[in-house]
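K.L.:
Just dropping this structure here.
Chains as they are written, first to last, in my numbering: chain A, 1 to 113; chain B, 1001 to 1142.
The following block contains the structure:
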């Protein structure tokens, strides 16, 4: 049997699920940002798709705000323990949430906001 | 149109303050390891916006006070407009500030963004050339 070297350090599986996640996130740095991207697009595309199916059109700015707030909350939960995200990603998520708000409020008429 | 823009800008400012405030308080309440208040730029933006909002409140109060305390002489009219009598520049500059911080946070202030911009403009140029070429040979530019 041939054993190949792993491309990353295997997580220490003896110290709990948190540590496994943090070790994985440390070894594979793209994991957490891509996970957040996944959360965003599941909500955004899911909402837009279902609304289009029901109404024929979709409210893109509103779904963008809902998706970014969902991502924002997941990011905040990750910020409690060190190792999941760094402050740069947290700032980017906050900025994307704010930009979604800018899009939403500029999209609305005065009677709709 | 102006009222609509002023309302939009005001709500954008309130939304930004709410989001940043929530993040800061979440970190403070839960003793979070990654705290957004360690980020200088976002903290500065939050402080600036709170100052802007406070100024906006004082200005609208003084405008309103001047309306209710005004007396109408024969042949005169009262000033009106409430908070919308303010200069919309206040709202605009705060919104510009929000967008500027966002731009720097996402794309960075450095030359890295120039690469993206060059690629994007090249792509637009390519689309333009294709459209011109298609129109030239008689096909639909779409």
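Ideal Cβ positions, reconstructed from N, Cα and C, are used throughout, including at glycine.
To the nearest whole angstrom, what separates the beta carbons of residue 32 of chain A and residue 85 of chain A, a pair I think is in contact under 8 Å?
P.N.:
Residue 32 of chain A to residue 85 of chain A, Cβ: 5 Å. Contact.
K.L.:
Taking any Cβ of chain B, which residues in the segment 90-101 of chain A have a Cβ under 7 Å from it, in chain order?
P.N.:
For the segment 90-101 of chain A, which is checked against every Cβ of chain B, the residues closer than 7 Å are 90, 91, 92, 94, 95, 97, 98, 99, 101.
K.L.:
Taking 8 Å as the threshold, find out whether the segment 1009-1023 of chain B comes into contact with the segment 93-103 of chain A through three or more Cβ pairs.
P.N.:
Yes, the segment 1009-1023 of chain B touches the segment 93-103 of chain A.
K.L.:
In three-state DSSP terms, what is residue 60 of chain A?
P.N.:
Of the three classes helix, strand and coil, the one that applies to residue 60 of chain A here is helix, per DSSP.
K.L.:
Closer than 7 Å, Cβ to any Cβ of chain A: which residues of the segment 1001-1015 of chain B, in chain order?
P.N.:
Answer set for the segment 1001-1015 of chain B: 1003, 1004, 1007, 1008, 1011, 1012, 1015.
K.L.:
Counting only beta-carbon atoms, is residue 1026 of chain B nearer than 8 Å to chain A?
P.N.:
Yes, residue 1026 of chain B counts as interfacial toward chain A.
K.L.:
Within the chosen definition, does the segment 74-85 of chain A reach the segment 1015-1035 of chain B through at least 3 CB pairs nearer than 8 Å?
P.N.:
The answer is yes - the segment 1015-1035 of chain B touches the segment 74-85 of chain A, with three or more Cβ pairs under 8 Å.
K.L.:
Could you give the residue range of the alpha helix (DSSP H) that holds residue 53 of chain A?
P.N.:
From DSSP, the alpha helix (DSSP H) with residue 53 of chain A extends over 31-55.
K.L.:
What's the C-alpha gap between residue 11 of chain A and residue 1003 of chain B?
P.N.:
Cα to Cα, residue 11 of chain A sits roughly 57 Å from residue 1003 of chain B.
K.L.:
In chain order, what residues of the segment 22-44 of chain A put their CB closer than 8 Å to some CB of chain B?
P.N.:
Result list empty, no residue passes.
K.L.:
Under DSSP, the alpha helix (DSSP H) around residue 1047 of chain B begins and ends at which residues?
P.N.:
That run of the alpha helix (DSSP H) goes 1040-1068.
K.L.:
Taking the alpha carbon of residue 1105 of chain B as the reference point, which residue from A:47, A:90, A:62 has its own alpha carbon closest?
P.N.:
When each option's Cα is compared against that of residue 1105 of chain B, the closest is A:90.
K.L.:
Starting from residue 1038 of chain B, find everything on chain A with Cβ-Cβ shorter than 9 Å and list it in chain order.
P.N.:
What residue 1038 of chain B touches in chain A: 87.
K.L.:
Against chain A, with Cβ distances strictly below 8 Å, would residue 1023 of chain B count as a contact?
P.N.:
At least one chain A Cβ lies under 8 Å of residue 1023 of chain B.
K.L.:
Work out the CA separation of residue 1057 of chain B and residue 1125 of chain B for me, nearest whole Å.
P.N.:
For residue 1125 of chain B and residue 1057 of chain B, the distance between alpha carbons rounds to 47 Å.
K.L.:
Indicate whether at least one CB of chain B lies closer than 8 Å to the CB of residue 80 of chain A.
P.N.:
Cβ-Cβ to chain B under 8 Å: yes for residue 80 of chain A.
K.L.:
From B:1068, B:1029, B:1053, pick the residue whose C-alpha is nearest to that of residue 1206 of chain B; which is it?
P.N.:
Lying before the first or after the last residue shown, residue 1206 of chain B is absent from chain B, which here runs from 1001 to 1142.
K.L.:
Tell me the DSSP secondary structure of residue 2 of chain A in three-state form.
P.N.:
It is coil, neither helix nor strand.
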